[in-house]
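**Q**
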Amino acid sequence: MKYLFFSIALLFCIQAYAQVNRCDSIVWRAGRPLVWADYKAQPDTNSIVAAYTNSGFIRTWSAKDYRLYTSMVTYFYPCVSWRKGEASERLLAHEQLHFDITEYFKRMYFKKVARARYTPATLPQLMDYIYQEVIAGLQVMQREYDIQTKHSLDEKQQAIWQRKVKRLLNSTKAYDKPELVVQLPR
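The sequence shown lines up with residues -18 to -1, 1 to 168 when you count with mature numbering (1 follows the signal peptide of the UniProt record, and there is no 0).
(1) For valine 163, I'd like the list of residues in its chain whose CB is within less than 6 Å of its CB, leaving aside the five on either flank, ordered along the chain.
(2) Report the residue from Leu105, Ser7, Ala12 whose alpha carbon sits nearest the alpha carbon of lysine 46.
(3) So, with DSSP's three-state summary, where would you put methionine -18?
(4) Rounded to whole angstroms, how far is the Cβ of glutamate 85 from the Cβ of leucine 151, which I believe are closer than 8 Å?
(5) I'd like to know if threonine 56 contacts chain C, where contact means its C-beta is closer than 8 Å to some C-beta of that chain.
(6) With H, G and I counted as helix, E and B as strand and the rest as coil, what does DSSP make of valine 31?
(7) Starting from isoleucine 40, follow its DSSP beta bridges and name the residues at the other end.
(8) At which residues does the alpha helix (DSSP H) containing glutamate 137 begin and terminate?
(9) Using alpha carbons as the reference points, say which of Glu68, Ser53, Cys61 lies closest to lysine 22.
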């Protein structure tokens, strides 16, 4: 009986693994813009928007020998990103900017971590605070972007946001790597 349970559990794990591997995430890279073929989820027919980009980041950190090691990578998730209707370049550029805004906030995380003042006692709380602050900023900017551009329909605002995000990414170029090491006070 326990072998049957183990076999069934193993089968579910293999199926789950295969499903995840069919739809791997895409790492943000300046030379790799999104294309419509990246959007693999079924569209939300109840949504008022024409497309949805699901992006985020995964963060880790540890401290050893008076050094703080942290990594964060920006991802696009194809299996939960979708479009409905016409696949226009204008709409794709709007969705790409959502991904770019996520990358900007990854860089802001590194910038804040690099500039923070730590003590061994405050390190965990400070790392959590910085992360939560970055997440909150990301959510606010994503919402402002959609409101001001009317989800890509306002071409003038879209052009303004394109320039703004390009400037933000350029101003944080020093933090475009996936890892950061910070010397901690002794």
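Every residue, glycine too, gets a C-beta built ideally from N, C-alpha and C.
All values derive from a computational prediction rather than experimental measurement.
**A** Reading from the atomic positions:
(1) Arg49, Tyr51, listed in sequence order.
(2) The candidate whose alpha carbon is nearest that of lysine 46 is Leu105.
(3) In this prediction, methionine -18 scores a pLDDT of 47, lower than 50, which makes its location untrustworthy; the coordinate-derived value is nonetheless stated afterwards. In the structure shown, methionine -18 falls within a coil segment according to DSSP collapsed to helix, strand and coil.
(4) Indeed they touch by this definition, with Cβ atoms about 7 Å apart.
(5) The structure shown contains no chain C; it holds only a single protein chain.
(6) In the three-state reduction of the DSSP assignment, valine 31 falls in the coil class.
(7) In DSSP, isoleucine 40 forms a bridge with Val55.
(8) 137 to 153 is the extent of the alpha helix (DSSP H) around glutamate 137.
(9) Ranking the options by Cα distance to lysine 22, first place goes to Cys61.
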